[in-house]
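Start counting the sequence shown at 204; every next residue gets the next number (the numbering used here). Even glycine gets a Cβ: it sits at the ideal position worked out from N, Cα and C.
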Amino acid sequence: MTMKTELQERADSLASNLQRSVDACFEVLRSISQLFASSPQEVKRQDFQRFVQPALVRHPSIHALEWLPRLLDGDRPAFEQAMQAEGYANFQVTERTTDGTLIRAGARPDYFPVYYVEPLDNNELALGYDAASDATRRAALERARDTGAIAVSGRIELVQTARQQFGLLVILPIYRQGMACDTVSDRRQYLQGFVLGVFRVADVVRSSLAGLTLDHIDFYLSDRSDHPEVGFLAAYDSKSKQVIARAETKLTLPHAAQGKAICTRSFAIADREWSLVLMPTAAYIDRAELYQQSRIRADAATAEAATLKKVLRNLQQTQARWFLEKNLIAIGVGLILVILSGANWLSHQNATQLLESKARTEQTYGVLARLATLLALTTDTDTVSRETAPTSVSTADLIEAELETLRRAIAQNAEQQRRLDQLEPLIAQRLNTLDQSPPAVVSQLTTRDRQLQQQIRQLIAEIEQTERSQLPYWQSQARASLDNSFWTNVVGSALGIVLWIGVYYLLQRQISERQRVEAALYAANNQLELEVQERLAELAQTREINELKMRLFSMVSHEFRTPLSTILVSTQLLTNSEAGWSEEKRVKNLSRIQSAAKTMAQLLSDILTLGRAEAGKLEFRPELLDLKSFCHSLIDEIQISTETQRAIAVIVCSESTQATVDGKLLQSILTNLLSNAIKYSESDRPIQLILTCTPEQVTIEVKDQGIGISPEDQKRLYEAFHRGQNVGDVVGTGLGLAVVKTCVDLHGGHIAVDSEVGVGTTFMVTLPQL
Numbered sequence: 204m205t206m207k208t209e210l211q212e213r214a215d216s217l218a219s220n221l222q223r224s225v226d227a228c229f230e231v232l233r234s235i236s237q238l239f240a241s242s243p244q245e246v247k248r249q250d251f252q253r254f255v256q257p258a259l260v261r262h263p264s265i266h267a268l269e270w271l272p273r274l275l276d277g278d279r280p281a282f283e284q285a286m287q288a289e290g291y292a293n294f295q296v297t298e299r300t301t302d303g304t305l306i307r308a309g310a311r312p313d314y315f316p317v318y319y320v321e322p323l324d325n326n327e328l329a330l331g332y333d334a335a336s337d338a339t340r341r342a343a344l345e346r347a348r349d350t351g352a353i354a355v356s357g358r359i360e361l362v363q364t365a366r367q368q369f370g371l372l373v374i375l376p377i378y379r380q381g382m383a384c385d386t387v388s389d390r391r392q393y394l395q396g397f398v399l400g401v402f403r404v405a406d407v408v409r410s411s412l413a414g415l416t417l418d419h420i421d422f423y424l425s426d427r428s429d430h431p432e433v434g435f436l437a438a439y440d441s442k443s444k445q446v447i448a449r450a451e452t453k454l455t456l457p458h459a460a461q462g463k464a465i466c467t468r469s470f471a472i473a474d475r476e477w478s479l480v481l482m483p484t485a486a487y488i489d490r491a492e493l494y495q496q497s498r499i500r501a502d503a504a505t506a507e508a509a510t511l512k513k514v515l516r517n518l519q520q521t522q523a524r525w526f527l528e529k530n531l532i533a534i535g536v537g538l539i540l541v542i543l544s545g546a547n548w549l550s551h552q553n554a555t556q557l558l559e560s561k562a563r564t565e566q567t568y569g570v571l572a573r574l575a576t577l578l579a580l581t582t583d584t585d586t587v588s589r590e591t592a593p594t595s596v597s598t599a600d601l602i603e604a605e606l607e608t609l610r611r612a613i614a615q616n617a618e619q620q621r622r623l624d625q626l627e628p629l630i631a632q633r634l635n636t637l638d639q640s641p642p643a644v645v646s647q648l649t650t651r652d653r654q655l656q657q658q659i660r661q662l663i664a665e666i667e668q669t670e671r672s673q674l675p676y677w678q679s680q681a682r683a684s685l686d687n688s689f690w691t692n693v694v695g696s697a698l699g700i701v702l703w704i705g706v707y708y709l710l711q712r713q714i715s716e717r718q719r720v721e722a723a724l725y726a727a728n729n730q731l732e733l734e735v736q737e738r739l740a741e742l743a744q745t746r747e748i749n750e751l752k753m754r755l756f757s758m759v760s761h762e763f764r765t766p767l768s769t770i771l772v773s774t775q776l777l778t779n780s781e782a783g784w785s786e787e788k789r790v791k792n793l794s795r796i797q798s799a800a801k802t803m804a805q806l807l808s809d810i811l812t813l814g815r816a817e818a819g820k821l822e823f824r825p826e827l828l829d830l831k832s833f834c835h836s837l838i839d840e841i842q843i844s845t846e847t848q849r850a851i852a853v854i855v856c857s858e859s860t861q862a863t864v865d866g867k868l869l870q871s872i873l874t875n876l877l878s879n880a881i882k883y884s885e886s887d888r889p890i891q892l893i894l895t896c897t898p899e900q901v902t903i904e905v906k907d908q909g910i911g912i913s914p915e916d917q918k919r920l921y922e923a924f925h926r927g928q929n930v931g932d933v934v935g936t937g938l939g940l941a942v943v944k945t946c947v948d949l950h951g952g953h954i955a956v957d958s959e960v961g962v963g964t965t966f967m968v969t970l971p972q973l
């Protein structure tokens, strides 16, 4: 399995983070489209605002979210007036001039103005801007409209920022509800508008740097779907830790430090392809050597296997305990319910008994009070004598009332009722005696009267003694009820708390163990999936390598056979016929041998260059060269190695031709480009090499008027062993342009091609000045 270097891993992480940052906006836009799809009426501004604000908080890399309705030219005045009535007094549909000034948009069949934008702060200038007025924006809108899928624009300059920073638009079309949009014509007809996510490229890059360590590593981000001149998106300077993505910034193309291999990654962002180039500086040290990585990965795999085995063993061991604990939890919960129910029942019984004791005690005290009153009424002669006063209440009535009250109070006590029955006749006799005696002699009691009083007192004392004897019992019952209630609550609460703690502990332990086991299983499963994916990738890479080897062997056997045959035939002719040959024939055969040997040497050089670049061992050693002299010397060598002399014009477009580049790599670049120009163009067609040097970069153009390259072949132009469909019988390996691309990448430059079949081809190589 091919081990990734630390630089490659960081490139993968950064590319993944960049892709995730933009993908987050995709999901936000899809959720907004659901808002429009689920709204039977027009989505109001307030609804849009409430819906998107949480997404803006979650994804700070999204600069703004916008709604762009489709506006026909005839509806424009009413639309502008409605917006002005909402409080946007100066609102109008706008477009931007070439110098960046916003003006009223010109007349067009339809517009796509920014109607809703969140957040509105710092985005006021975007409100009303017609996105279709800009070519880049319009192209992205049309792609989204026709495909019905998310589209990403090329780089744009945001209208809402004072400093013209690079931005991106993520666009999702919204169609009328209930309309079938299966064809392009349907989509164009039923288009309702677009939902837009606006990014500042610098914000996307900064958010992708979170958690990454890029010490001494610069990188360069570009959009390969655009022309190289406008494909630059952002660059990162590790020294200043700054992300640069501004229109006024003039950046040189990335370059690698001496002896450091750059790392490139390409990834798809919706319908576009982005390229990421990581360039270690001279201070960068890759601490993860191949052997160490292999050892670490082997140890990690062993540890993962041991962890998985341990997790499975622990899972088996804990499953039985989980079953037991589950039963214990159920029993504990049942006991808690039983204890709580029993405690409540006992508390209720104690409370009932306490209330009954209280009522009986109060009743006893009431009876005693009645008895005292009754005793006073029936035995106090002064009280009885006051009955003669005309305003006094009748003593008989009072006594009758007290007797009635006592009868009700002791209704449950038969013995007391018996005594009361004995008391009533005595009281009646006493009252009757008093009634028959003259008032003047009431105070002079007879013996009979005193006996009645004595009997009354005795019966009342017996009743009173009986009632008093019951007081301690009811008081003790009340105290016992209070004590029972208290201890019932204490014991029940204590048992309940203990059981609840036990149940909570078991539940918490089960939850924790389950989470831990699930996390371990999840991690182990992810690791296994990763291993499977790596094995599949390794298998695919192995198959690809085998295919490349087969093609390489086939190509090498064919390409080497031809020059070797030429060398063998020429040497045999020289050996057998040297005496009879003229000097001209002998030189001609020697030239053939020399040309064939150079062809073989060039083929070997190309193969070695690609192999060393693939292994990361192709060195980059820049030096100061005079490019004009270098190009003339190289052309002379090429002229000597070809059978026919070709006119190659060197055109210098700058005063100075001094540049710091790698001479060997530059030689490979120019040799392959000029050789292709010679091979694939007629001998009477001129070839031009145009050289331009500036303090920032070197630009080299190779122009021919040959067979040209078809658009289909241009897509695979730099793949090893790929050759154009129109090359015919022209001999070639398909390695030349792959070598050129590798050498240009090592310089941190870029290569572009402009070709038309039957007209000619121009390759433009741009290398940064070091």
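- The Cβ neighbour count for Ser-832, taken over all protein chains shown within 10 Å, is under 16; the residue is labelled exposed.
- Taking the Cα positions, Val-446 is about 11 Å away from Leu-424.
- CA-to-CA, the gap between Ile-534 and Ala-508 works out to about 39 Å.
- In the three-state reduction of the DSSP assignment, Arg-299 falls in the strand class.
- Per DSSP, reduced to three states, the secondary structure at Ala-413 is coil, with no helix or strand assignment.
- Taking C-beta atoms as the reference points, Leu-543 and Gly-695 count as a pair closer than 8 Å.
- Annotation: Lys-801 to Thr-416 spans about 47 Å, alpha carbon to alpha carbon.
- If only uninterrupted beta strand (DSSP E) runs of at least 3 residues are considered, those enclosed by the segment 218-299 are 265-272, 297-299.
- Pro-316 and Leu-344 do not touch by the CB rule: their CB atoms are close to 12 Å apart, not below 8 Å.
- Going by DSSP, Gly-400 is part of the beta strand (DSSP E) stretching over 394-403.
- For Glu-432, the enclosing alpha helix (DSSP H) covers residues 431-434.
- According to the DSSP secondary-structure assignment, Pro-971 is paired through a beta bridge with Gln-900.
- When C-alpha distances from Lys-561 are compared across Asn-635, Arg-682, Arg-449, the shortest belongs to Arg-682.
- Relative to Ile-838, the option among Asp-887, Glu-885, Arg-719, Gln-891 whose CA is nearest is Gln-891.
- If the five residues before and after Ile-893 are omitted, its C-beta is found closer than 6 Å to the C-beta atoms of Ile-854, Glu-904, all from its own chain and listed in chain order.
- The beta carbons of Phe-397 and Leu-271 sit closer together than 8 Å.
- Our two residues, Thr-964 and Gly-909, have alpha carbons roughly 7 Å apart in a direct line.
- Note that the segment 372-385 touches the segment 231-248; at least 3 beta-carbon pairs, one per stretch, sit closer than 8 Å.
- The criterion of a C-beta distance shorter than 8 Å is not satisfied by Leu-821 and Cys-466.
- In the three-state DSSP reduction, Arg-622 falls in the helix class (H, G or I).
- At a Cβ-Cβ threshold of 8 Å, Thr-297 and Arg-307 count as neighbours.
- Taking 4 residues as the shortest admissible run, the segment 336-378 contains the following complete alpha helix (DSSP H) segments, listed from N- to C-terminal end: 338-350.
- Linking Arg-610 to Tyr-707 through their CA atoms gives a straight-line distance of about 60 Å.
- Looking at the DSSP output, Gly-963 sits in a beta bridge with Glu-959.
- Ranked by how close their Cα comes to the Cα of Glu-734, the residues Ala-504, Leu-877, Val-962 have Ala-504 in first place.
- Boundaries of the beta strand (DSSP E) harbouring Ser-469: 466-472, taken from the DSSP string.
- When DSSP states are grouped into helix, strand and coil, His-551 belongs to the helix group.
- Look at Glu-565 here: in three-state DSSP terms it is helix.
- With at least 16 other beta carbons inside 10 angstroms of its own, Pro-971 counts as buried.
- Annotated three-state conformation of Ile-910 is coil, per DSSP.
- Your pair Ile-810 and Leu-938 checks out as a contact, with CB atoms roughly 7 Å apart and the cut at 8 Å.
- Beyond the five residues adjoining it in sequence on each side, Tyr-921 comes within less than 7 Å, by CB distance, of Leu-940, Ala-941, Lys-944 in the same chain, given in chain order.
- Here Phe-282 is buried, its C-beta having at least 16 other C-beta atoms within 10 Å.
- Between the C-alpha atoms of Ala-880 and Thr-769 there is a straight-line separation of about 23 Å.
- Short of 6 Å from the beta carbon of Met-382, and not among the five residues preceding or following it, lie these beta carbons of its own chain, in chain order: Tyr-393.
- Residue state for Phe-823 is assigned as coil, using DSSP reduced to three classes.
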